[in-house]
Amino acid sequence: MSRPTPLRDVHESLGATLTDFAGWLMPLRYGSESAEHNAVRQAAGLFDLSHMGEIFLTGPQAADALDYALVGHLSALATGRARYTMIVDERGGVLDDLIVYRLGDEEFMVVANASNAGKVADELMTRAKAYDARVEDRSDEYALIAVQGPRSQEILATLTDADLAGLKYYTGLPGRVDGREALIARTGYTGEDGFELFVAVQDAVPLWHALTAAGEPYGLKPAGLSSRDTLRLEAGMPLYGNELSAELTPFDAGMGRVVKFDKPGDFVGRSALEAVKDTPPRRRLTGLVARGRRVPRHGYPVTKDGAVVGEVTSGAPSQTLGKPIALAYVDAGIDAGEGLAVDIRGRQEPVDVVELPFYRRNK
Amino acid sequence: MSNIPDDLSYTKEHEWISGLEDGLVATVGITAFAAEALGDVVYVQLPEVGSTVEAGDSIGEVESTKSVSDIYTPVGGEVVEVNQTLVDDPSLANSDPYGEGWMFKVRADGDAADLLSAEEYAALTSGES
Numbered sequence: 001m002s003r004p005t006p007l008r009d010v011h012e013s014l015g016a017t018l019t020d021f022a023g024w025l026m027p028l029r030y031g032s033e034s035a036e037h038n039a040v041r042q043a044a045g046l047f048d049l050s051h052m053g054e055i056f057l058t059g060p061q062a063a064d065a066l067d068y069a070l071v072g073h074l075s076a077l078a079t080g081r082a083r084y085t086m087i088v089d090e091r092g093g094v095l096d097d098l099i100v101y102r103l104g105d106e107e108f109m110v111v112a113n114a115s116n117a118g119k120v121a122d123e124l125m126t127r128a129k130a131y132d133a134r135v136e137d138r139s140d141e142y143a144l145i146a147v148q149g150p151r152s153q154e155i156l157a158t159l160t161d162a163d164l165a166g167l168k169y170y171t172g173l174p175g176r177v178d179g180r181e182a183l184i185a186r187t188g189y190t191g192e193d194g195f196e197l198f199v200a201v202q203d204a205v206p207l208w209h210a211l212t213a214a215g216e217p218y219g220l221k222p223a224g225l226s227s228r229d230t231l232r233l234e235a236g237m238p239l240y241g242n243e244l245s246a247e248l249t250p251f252d253a254g255m256g257r258v259v260k261f262d263k264p265g266d267f268v269g270r271s272a273l274e275a276v277k278d279t280p281p282r283r284r285l286t287g288l289v290a291r292g293r294r295v296p297r298h299g300y301p302v303t304k305d306g307a308v309v310g311e312v313t314s315g316a317p318s319q320t321l322g323k324p325i326a327l328a329y330v331d332a333g334i335d336a337g338e339g340l341a342v343d344i345r346g347r348q349e350p351v352d353v354v355e356l357p358f359y360r361r362n363k
Numbered sequence: 001m002s003n004i005p006d007d008l009s010y011t012k013e014h015e016w017i018s019g020l021e022d023g024l025v026a027t028v029g030i031t032a033f034a035a036e037a038l039g040d041v042v043y044v045q046l047p048e049v050g051s052t053v054e055a056g057d058s059i060g061e062v063e064s065t066k067s068v069s070d071i072y073t074p075v076g077g078e079v080v081e082v083n084q085t086l087v088d089d090p091s092l093a094n095s096d097p098y099g100e101g102w103m104f105k106v107r108a109d110g111d112a113a114d115l116l117s118a119e120e121y122a123a124l125t126s127g128e129s
């Protein structure tokens with residue numbers, strides 16, 4: 001049985017198509033996922049992300065414990081700031097990608113993907129043992145609601161006195177939204193401006209209704225995981241299980257920049273990652289745009305002159321580009337400029353290589 | 001519960017077929033249940049007019065945001081018409097699956113195998129939804 005989020009009844013009353021995702025019963029879409037996608041690009045979308053994991057590290061050595069446990073330099077993070085980072089194993093393989101919020105000198109919140117949350121909490125507990133820091137998986141206490149899209153700030157401003165204009169990208173501060181305590185973070189996974197609101201489970205339903213009412217004049221729509229996936233894909237953002245896995249290092253995924261070798265002390269995976277950091281990866285994460293209308297999808301081979309030269313990790317029809325797009329790992333040795341195709345159920349469909357991301361918002 | 005018109009016949013592959021009883025040209029499309037399960041249809045590939053097909057053949061495909069499905073023909077015969085309007089606007093498969101969203105017409109050269117009545121199809125889909 002999949003676990004429901006605190007908003008399950010709301011999703012059902014909205015007529016959502018529900019799906020199992022990482023052991024959770026989640027809204028896939030409420031109506032047309034294309035309309036939800038477009039609402040986020042043009043106005044705003046409302047997402048239930050309560051499946052995400054929230055793991056807290058507190059104590060005098062919480063920062064040091066995270067420096068050891070993760071590839072990032074979290075002790076250098078200022079209070080109120082957030083950082084995208086990863087947790088790897090001893091071989092350097094990615095166990096999850098994370099956002100870490102520094103809530104205080106001695107308090108951090110690690111947000112993990114639903115599929116990995118238990119594993120990440122266990123690893124953090126093991127890795128923090130030698131430190132004066134407490135690790136608590138508080139995922140059950142929190143609901144997470146995201147408002148994403150260009151109208152997000154205006155919508156949220158009707159429900160809070162918090163200084164949203166002063167809240168920069170990748171920052172988070174405690175505040176009140178609709179009279180309820182919330183951690184208000186300017187983060188997201190859509191390629192748009194937006195906010196993520198971490199609230200107590202019992203506040204999820206009233207906050208959802210308040211945001212729905214506040215967003216109505218601005219064109220806000222509830223949006224499901226289907227549009228979340230196409231939005232992040234257009235924004236070129238990796239998805240764990242597709243572009244990231246324990247078989248790949250951050251360098252393999254083209255994300256070596258998240259590994260901070262210059263931080264003090266050892267960290268899990270350091271020696272393995274130092275050994276590969278200057279070795280060009282065998283395959284490169286590549287953006288593809290199909291010339292035709294058939295969609296390259298996860299697992300399809302990338303070919304050149306009939307030979308397999310890579311594999312699609314994510315693919316979808318792009319609302320914004322009007323063409324199918326895909327992320328793929330493609331052999332670094334080949335000239336990807338011309339003649340690439342994706343084997344779509346036996347037919348070689350021509351694709352062009354493009355710079356990532358596929359979509360970048362106007363700031 | 002999705003819409004299942006009484007006057008059509010259905011297949012286990014979630015297609016509808018009409019016009020068979022006239023012994024002339026049958027029209028085929030996908031059901032509202034199929035369209036809802038797929039989500040927004042973004043691309044429809046249909047057989048060529050004039051091609052000969054056999055009952056049960058995969059003769060096209062329907063792509064949505066999240067998935068792709070084959071289109072099977074419930075009857076054999078000659079494809080006499082395809083819905084070019086649907087190719088140009090695949091969202092018709094979602095908005096009007098039994099009307100403007102029809103897919104192709106076949107001059108049937110035999111009986112269709114294993115067709116379901118509306119009642120039988122309703123029973124099938126209530127088990128799947």
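Those protein sequence lines, which keep their order, are chains A and B.
Following full-length UniProt numbering, the numbering of the first sequence begins with 1 at its first residue and continues without gaps.
Following full-length UniProt numbering, the numbering of the second sequence begins with 1 at its first residue and continues without gaps.
For glycine and all other residues, C-beta sits at the position ideal for the given N, C-alpha and C.
Original post:
What are the boundary residues of the beta strand (DSSP E) that Trp16/B is part of?
Top reply: Run containing Trp16/B: 15–18, per the beta strand (DSSP E) assignment.
### Query
What does a CB cutoff of less than 8 Å around Lys277/A pick up in its chain, not counting 5 residues either side in sequence?
So the qualifying residues of the chain are Phe251, Gly256, Val259, Phe261.
(message) Taking the beta carbon of Met1/A as the centre, do at least 16 other beta carbons fall within 10 Å, making it buried, or is it exposed?
(response) With fewer than 16 other Cβ atoms from the protein chains shown falling within 10 Å of its own Cβ, Met1/A counts as exposed.
In this structure, does DSSP put Ala35/B in helix, strand or coil?
In the structure shown, Ala35/B sits in a helix (DSSP, three-state: H, G or I).
Problem set entry | Ala133/A vs Ala62/A beta-carbon contact at 7 Å | Contact: yes.
Inspect the beta-carbon positions of Val351/A and Leu288/A and report whether they are closer than 7 Å. Judged by their CB atoms, Val351/A and Leu288/A are nearer to each other than the 7 Å cut-off.
Relative to the alpha-carbon of Val94/A, which residue among Asp105/A, Ala78/A, Asn113/A has its alpha-carbon at the smallest distance?
Ranking the options by Cα distance to Val94/A, first place goes to Asn113/A.
*alpha helix (DSSP H) segments (min. 4 residues) lying fully within the region 72–128 of chain A*: List check, alpha helix (DSSP H) in window: 117–127.
Exercise. Just the Cα atoms here: how many angstroms apart are Asp97/A and Glu78/B?
Worked result: Between Asp97/A and Glu78/B, the C-alpha separation is close to 54 Å.
- Query: Start and end of the beta strand (DSSP E) containing Glu54/A?
  - Reply: First-last of the beta strand (DSSP E) with Glu54/A: 53–58.
- On the premise that Arg270/A lies in contact with Gly219/A, defined as a C-beta separation below 8 Å, what is that separation, rounded to the nearest angstrom? The beta carbons of Gly219/A and Arg270/A sit about 48 Å from each other, so the pair does not count as a contact at 8 Å.
| message | Just checking: is the beta-carbon of Glu33/A within a distance shorter than 7 Å of some beta-carbon in chain B? | response | Yes, Glu33/A counts as interfacial toward chain B.
What three-state label does DSSP hand Arg294/A in the structure shown? Of the three classes helix, strand and coil, the one that applies to Arg294/A here is coil, per DSSP.
Does the pairing of the region 330–350 of chain A with the region 296–315 of chain A give three or more beta-carbon distances under 8 Å? Yes: the two stretches touch, three or more of their Cβ pairs being nearer than 8 Å.
- Item | Closer than 7 Å at the beta carbon, the chain A residues around Lys66/B | The answer, in chain order, is Ser226.
**Prompt:** What's the gap between the Cα of His51/A and the Cα of Ser64/B?
**Reply:** Put simply, the backbone Cα of His51/A is about 25 Å away from that of Ser64/B.
- Task: Could you name the residues of the region 286–300 of chain A whose beta carbon sits closer than 8 Å to any beta carbon of chain B, in the order they occur along the chain?
- Result: Within the region 286–300 of chain A, the residues whose Cβ lies closer than 8 Å to some Cβ of chain B are Arg293, Arg294, Val295, Arg297, listed in chain order.
query = Between the beta-carbon of Arg291/A and the beta-carbon of Gly315/A, is there less than 7 Å?
reply = No, these two residues do not count as a Cβ contact at 7 Å.
For this session: Please name the residue or residues paired with Gly310/A in a DSSP beta bridge.
Result: Beta-bridge partners assigned by DSSP to Gly310/A: Val302/A, Val330/A.
(message) What does the Cβ neighbour count give for Thr126/A, buried or exposed, with the cut at 16 atoms within 10 Å?
(response) Exposed, by the Cβ-count rule.
Item to complete: Return the chain-ordered list of same chain residues with a C-beta closer than 6 Å to the C-beta of Met86/A, the five sequence neighbours on each side being excluded.
Response: Excluding positions up to five away in sequence, the list reads Val71, Val94, Asp97, Pro250, Val258.
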